[in-house]
Amino acid sequence: MTKYDVIVVGAGSSGLMAAINAATQGAKVILIDKNPRPGRKLVISGGGRCNVTNRTTREDLITHIPGNGKFLYSALDQFDQEDIIHFFESRGVALKEEDHGRMFPVTDRARTILDTLTGELEELGVEVRQRSTVSKVLYDKDLNQVSGIELENGDIVEGKAIVLAAGGRAYPRTGATGDGYAWARAAGHTIERLYPTESPILSHDALIKRNHLKGVSLRDVRVTLWNGPEHQKSLVEHQMDMVITHFGYSGPAILRTSGHVNQYLHDENAETAYLSINLVPNLTEDEFKQVAEENRNKQMTTILKQWMPEKMAEEVLWRSEIEKTAAFKQLTHAQIDSLWNNMTVFTFTAYGTQPIEKGFVTGGGVSTKEVNPRSMESKLMAGLFFCGELLDINGYTGGYNITAAFVTGTIAGQNAAWTSFSL
Ligand SMILES: Cc1cc2nc3c(=O)[nH]c(=O)nc-3n(C[C@H](O)[C@H](O)[C@H](O)COP(=O)(O)OP(=O)(O)OC[C@H]3O[C@@H](n4cnc5c(N)ncnc54)[C@H](O)[C@@H]3O)c2cc1C
């Protein structure tokens, strides 16, 4: 039976990079995946365009990975977002930068990224076994090291080092069904609580039940999650777009806040999370009053419409107990104060988010405390390596998750190869 230097389980973003990097070191590598083709999540990422990384500073990158971004410091010293850009550009894939540093292939096709990775595998002679579900990772308990994997059909594949790149639990139809957690647990690893991140928020708010704001998009608003109904402390703030849906709230600012909402509800054992929207984060109270004063004869809806959609303006006026046909000159000081308050602290609540399966990224996973940050090797089992979303690492949308997958995959692949040579 062939014994491989490195077995990589999972041909997603992180596993593809791991296999390439292990083979580049000269290791005999096999890449195993249950899907008929590799990179099923990668090709649908970024709306089919693949937001492949983010051109930003090291510190900013780490800040945008709220789930254990700091664990990546030493990995990023070896391979970072600029190296990802270089990896693709040096293979003839032109990338372009969009807003907020987001990097995409110029072709606007995720397939370009996937084809580059699979082309590289072929060139390096990596054996790729598709339609093969791994059921078990085999450990030699006496030597406390890996020995191979077992497939669902009973086949055994032997290997000196194993890279687990089986992903998280988000979008399970892509193959990411959370199989890797049991294998890590069997090696003694702790799995930190799994929860949805980058997931739409669910709400029982009256405005959601009434359904009249469904589909209203709010541009460049600031969403704040508070530590309670009194709004004493802001836990997190994000200024981006958002949208009101029939079940709650969604859009970039909401997705970024969602993981924090789940953590808050869990940590506080609370049923409700308290949030607010600043609908005019770039406007001061004085500027608002000046503009309103200049238009004092106009109806309030007309004045507010320059900053927000008409339906939202009507909702804000309703909350402020102001007739939508009232002119600014008719308002009392108390009404103006109330209006400004509702424009800047438009409160809403959440009772949870869509489940992990419907979110974009899994929060929680294999505890980073038990993984060597320089090599991605298990601290508990020799020859066992982790990468990608299986780890307790999660980033915001914006290219941060694929970056984390490529970075940890690269480091895990290289180190798995080097370890296999010494075993
Ligand atoms: C719709 C969507 C869009 C996204 N867009 C972006 C984006 O533009 N930019 C960004 O940075 N992030 C994006 N993300 C997140 C990002 O795609 C993932 O975080 C990243 O791909 C995870 O890579 P991974 O290698 O850990 O896992 P995956 O890519 O999920 O790969 C895991 C692989 O393991 C295989 N596998 C699992 N169990 C077994 C088993 N038992 N036997 C054999 N094989 C197995 C699966 O078939 C799968 O191929 C998006 C996520 C979603 C859902």
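So for the sequence shown, this note's numbering puts the first residue at 9; every next one is plus one. Just so you know, even glycine gets a beta-carbon here, dropped at the ideal spot from N, CA and C.
### Message
At a cut-off of 6 Å, would you count Ala174 as near ligand 3, judging by its Cβ distance to the nearest heavy atom?
### Response
Ligands displayed in this structure: ligand 1; ligand 3 is not among them.
### Query
Using a Cβ-Cβ cut-off of 6 Å (strictly less than) and excluding sequence neighbours within five positions of Phe394, which residues of its own chain qualify?
Leu172, Val374, Val379 and Met384
### Query
Would you call the stretch 173-191 and the stretch 340-357 touching, i.e. three or more CB-CB distances under 8 Å?
no
### Message
To the nearest angstrom, how far is the alpha carbon of Glu105 from that of Ala335?
### Response
45 Å
### Message
Looking at ligand 1, does it come within less than 6 Å of Lys42, judged from the CB to the closest heavy atom?
### Response
Short note on Lys42: C-beta closer than 6 Å to some heavy atom of ligand 1.
### Task
Express the C-alpha separation of Thr357 and Arg218 in angstroms, rounding to a whole number.
15 Å
### Query
In angstroms, rounded to a whole number, what distance separates the CA positions of Leu226 and Ala424?
47 Å
### Query
Smallest Cα separation from Ser143: which of Val165, Asp249, Asn277 and Gly176?
It is Val165.
#### Entry: Other residues of its chain near Asp294: CB distance less than 7 Å, five sequence neighbours each side excluded
Result list for Asp294: empty, nothing under 7 Å.
### Message
Our contact map puts Leu24 next to Leu125 with C-beta atoms below 8 Å; I'd like the distance itself, whole angstroms only.
### Response
4 Å
### Message
Check whether the stretch 34-51 and the stretch 195-202 touch, using three or more Cβ-Cβ pairs below 8 Å as the test.
### Response
no
#### Entry: Span separating the alpha-carbon of Leu431 from that of Lys168
7 Å
#### Entry: Any non-hydrogen atom of ligand 1 closer than 6 Å to Ser266 Cβ
no
### Query
Taking the alpha-carbon positions, what's the Ala278 to Tyr272 distance?
8 Å
### Task
Tell me, please, which residues DSSP counts as bridged to Phe356.
Leu283
### Query
Considering only residues of the same chain and omitting the five flanking positions on each side of Leu159, which have a CB-CB separation below 8 Å?
Counting only Cβ-Cβ distances below 8 Å, and skipping sequence neighbours, we find Ile40, Ser140, Thr141, Val142, Ser143 and Val165.
#### Entry: Through-space distance from Thr361 to Asn402, alpha-carbon basis
16 Å
### Task
Verify the contact flag: Thr115, CB atom, against every heavy atom of ligand 1, threshold strictly below 6 Å.
Set against 6 Å, the gap from the CB of Thr115 to the closest heavy atom of ligand 1 is not smaller.
### Query
Is the beta carbon of Ser389 sitting closer than 7 Å to the one on Ala195?
In the sequence as displayed, the identity of residue 389 is Met instead of Ser. Yes, Cβ-Cβ distance for Met389 and Ala195 is below 7 Å.
### Query
Given 8 Å as the limit, is there contact between the stretch 302-316 and the stretch 250-265, that is, 3 or more CB pairs closer than that?
no
### Message
For ligand 1, I want to know if Val324 counts as a neighbour, meaning its beta carbon is within less than 6 Å of at least one of the ligand's heavy atoms.
### Response
no
### Message
With H, G and I counted as helix, E and B as strand and the rest as coil, what does DSSP make of Ile330?
### Response
Coil, per DSSP.
### Beta-carbon proximity list for Phe112, same chain, < 7 Å, skipping 5 on both sides
Gly54, Arg57, Cys58, Asn59, Val60, Leu103, Lys104 and Glu106
### Task
For the stretch 146-154 and the stretch 83-101, state whether three or more C-beta atom pairs, one from each stretch, are separated by less than 8 Å.
no
### Task
May I have the straight-line CA-CA distance separating Gln138 from Asn161, to the nearest angstrom?
Gln138 and Asn161: Cα-Cα distance of roughly 13 Å.
#### Entry: Alpha-carbon spacing of Lys366 relative to Arg119, whole angstroms
23 Å
#### Entry: Element boundaries [alpha helix (DSSP H), containing Arg382]
For Arg382, there is no enclosing alpha helix (DSSP H), as DSSP marks it with neither H nor E.
#### Entry: Uninterrupted alpha helix (DSSP H) stretches inside the stretch 291-335 (no shorter than 4 residues)
293-302, 308-312 and 318-327
### Task
Keeping to the same chain, check which residues put their C-beta closer than 6 Å to that of Ala321; ignore five residues upstream and five downstream.
Thr309, Leu312 and Lys313
#### Entry: Contact set for Ile330: own chain, Cβ-Cβ below 7 Å, skip 5 residues either direction
In its chain, beyond the 5 residues on either side, Met308, Leu339, Gln343 and Leu347 have a beta carbon closer than 7 Å to the beta carbon of Ile330.
### Message
My output table needs one value for Arg218: the three-state DSSP class, helix, strand or coil.
### Response
helix
### Task
Let me know the secondary structure DSSP gives Lys144 once reduced to three states.
strand
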